[in-house]
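In the working numbering, the protein residues as written are 5 to 460.
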Ligand code: HEM
């Protein structure tokens, strides 16, 4: 066994969740290969990691104190499924397929039409609604089949996510694999998934209303408020899944162990010692108490909030097709602020019944696009500032990788946003921009995770 093997074996021994007593004993033993100048890093780390993040406070002797790693992997898998449904939902909207199925039936809706006659009946139903009458009256049956299958796949994936969360969740709870805290989180997530289905249907219903036929020049599309609520709710479900999955895995030290193992493989003996020392730095209380670190950690939460807010404002842009006007950057017409910013709340001959300023900010496409630009630029500036600050404070390696990745993804996301606008919202660019926003949120969550205080 090489020095490194022994080192890692000892590391695993120390952090094995099943053997807390052995951990303390092992931590006290010096590890070969660790520089003596490092102040007993294994002991430091072991004491700091000795209690799990989601350890259950109530003393139920039947229940493990820590949620099992499999539950953490299940949360991350569910998060990946939510990421894919957001991407598919974006494609469904961009290919204007979202209003093709005009009914909502959880069980019967699973079976697509089988025969020619069933397809024609389904097409007939679609023909009764404004989208066909105003926009698609030249549509053929084969074109209808394409938009039908897009929406059907989106709904089927939604059902699959619901089942693949609820069934294993019930099993894990029954077997006692989760702490009470994680059981409660799982119940909240399951409820949110159910509500997401209801929100989705309310969104579709808003685009089927016959009122659209009465309005001159009306575009048959879903309400941008419902679309944003549906998108925002998906982002929130995703964030809870990723944050909880990471938390559970860290409680079981799986993630830290794999990060450590990767650094050992990649950088060799000297670097592995350094990595361990840096991990010890992470758990050293003085560092957590330093005001600069506290500000940095609080700012990382603020940045994640800003990303979410920018994404919500993007939902309004998408819902109003506001990316099809002012296809230039940074100007909007003659200035940075568009001249028609207050158009809907100002009384003119063309607008005799102005709406309130508040509604104007949320419903006027020019204002909505401007708001998204301002929020996106603010988010980007905040991320850049956080990156600059990160160069001046001591951070563990995973946190440094996370903040660098955050800046990189932000650059890509802003570039994608601007090109989507300049090229009049082509499907591949707009879909990539939508996925970029979720990737940015993921990296922000990861950064927050690497900066969490480990309980003593
Ligand atoms: C932090 C940076 C940004 C984030 C997190 C973000 C997020 C989003 C999100 C979530 C959407 C909705 C996508 C959908 O539902 O299909 C969106 C749409 C959009 N964003 Fe951004 N965005 C950012 C930056 C920008 C920038 C800098 C621009 C350009 C000025 C931009 C232009 C657009 C446009 C034109 C749309 C509508 C695309 C469509 O109709 O599908 N975004 N954004």
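For each residue, glycine too, the CB sits at the ideal point set by N, CA and C.
What would DSSP say about residue i, mapped onto helix, strand or coil?
| i | result |
| --- | --- |
| residue 336 | strand |
| residue 221 | coil |
| residue 245 | helix |
| residue 240 | helix |
| residue 118 | coil |
| residue 360 | coil |
| residue 302 | helix |
| residue 346 | coil |
| residue 294 | coil |
| residue 135 | helix |
| residue 101 | coil |
| residue 401 | helix |
| residue 175 | helix |
| residue 253 | helix |
| residue 71 | coil |
| residue 438 | helix |
| residue 216 | helix |
| residue 424 | helix |
| residue 160 | helix |
| residue 92 | helix |
| residue 180 | coil |
Report the rounded CA-to-CA distance for residue i versus residue j, giving the unit in angstroms.
| i | j | result |
| --- | --- | --- |
| residue 376 | residue 317 | 5 Å |
| residue 340 | residue 372 | 14 Å |
| residue 384 | residue 254 | 29 Å |
| residue 208 | residue 124 | 21 Å |
| residue 368 | residue 345 | 7 Å |
| residue 358 | residue 324 | 18 Å |
| residue 237 | residue 398 | 35 Å |
| residue 192 | residue 171 | 15 Å |
| residue 210 | residue 301 | 41 Å |
| residue 389 | residue 410 | 12 Å |
| residue 395 | residue 433 | 33 Å |
| residue 37 | residue 158 | Reliability of the predicted coordinates at residue 37 is poor, the pLDDT of 34 falling under 50, and no value is obtained from them. |
| residue 342 | residue 336 | 5 Å |
| residue 350 | residue 416 | 37 Å |
| residue 126 | residue 113 | 12 Å |
| residue 138 | residue 206 | 21 Å |
| residue 51 | residue 400 | Caution is warranted here: a pLDDT of 35 is assigned to residue 51, below 50, making its placement in the model unreliable, and no coordinate value can be reported. |
| residue 439 | residue 86 | 11 Å |
| residue 380 | residue 83 | 24 Å |
| residue 217 | residue 133 | 9 Å |
| residue 441 | residue 180 | 36 Å |
| residue 408 | residue 402 | 10 Å |
| residue 202 | residue 194 | 13 Å |
| residue 182 | residue 303 | 31 Å |
| residue 220 | residue 135 | 14 Å |
| residue 118 | residue 146 | 14 Å |
Roughly how far, in whole angstroms, is the beta-carbon of residue i from the beta-carbon of residue j, given that I think they are within contact range, below 8 Å?
| i | j | result |
| --- | --- | --- |
| residue 99 | residue 143 | At roughly 13 Å, the Cβ-Cβ gap does not stay under 8 Å, so residue 99 and residue 143 are not in contact. |
| residue 75 | residue 244 | Not quite, the Cβ-Cβ distance comes to about 14 Å (not below 8 Å), so this is no contact. |
| residue 3 | residue 116 | Outside the displayed range of the chain (5 to 460) lies residue 3, so it cannot be described from this structure. |
| residue 331 | residue 426 | 6 Å |
| residue 437 | residue 412 | Not quite, the Cβ-Cβ distance comes to about 16 Å (not below 8 Å), so this is no contact. |
| residue 451 | residue 322 | The Cβ separation is near 26 Å, so there is no contact. |
| residue 256 | residue 454 | Wrong, their Cβ atoms sit about 17 Å apart, outside the cutoff. |
| residue 162 | residue 89 | 6 Å |
| residue 80 | residue 309 | Contact flag wrong, Cβ pair sits at about 22 Å. |
Compare the Cα-Cα distances from residue i to each of the options and report the closest residue.
| i | options | result |
| --- | --- | --- |
| residue 122 | 110, 148 and 136 | 148 |
| residue 95 | 399, 444, 448 and 429 | 429 |
| residue 213 | 302, 103, 185 and 118 | 103 |
| residue 190 | 241, 427, 309 and 303 | 241 |
| residue 152 | 129, 165, 218 and 134 | 129 |
| residue 382 | 306, 110, 166 and 179 | 306 |
| residue 298 | 424, 393, 312 and 146 | 393 |
| residue 362 | 338, 347 and 178 | 347 |
| residue 366 | 106, 387, 296 and 229 | 229 |
| residue 233 | 320, 431 and 135 | 320 |
| residue 106 | 92, 131 and 89 | 131 |
| residue 387 | 150, 444 and 70 | 444 |
| residue 446 | 311, 360 and 423 | 311 |
| residue 165 | 197, 235 and 109 | 197 |
| residue 334 | 204, 250 and 423 | 423 |
| residue 414 | 374, 455, 327 and 314 | 314 |
| residue 224 | 91, 374 and 97 | 97 |
Report yes or no: is there a C-beta of chain B within less than 7 Å of the C-beta of residue i?
| i | result |
| --- | --- |
| residue 71 | In the structure shown, chain B does not exist; there is a single protein chain. |
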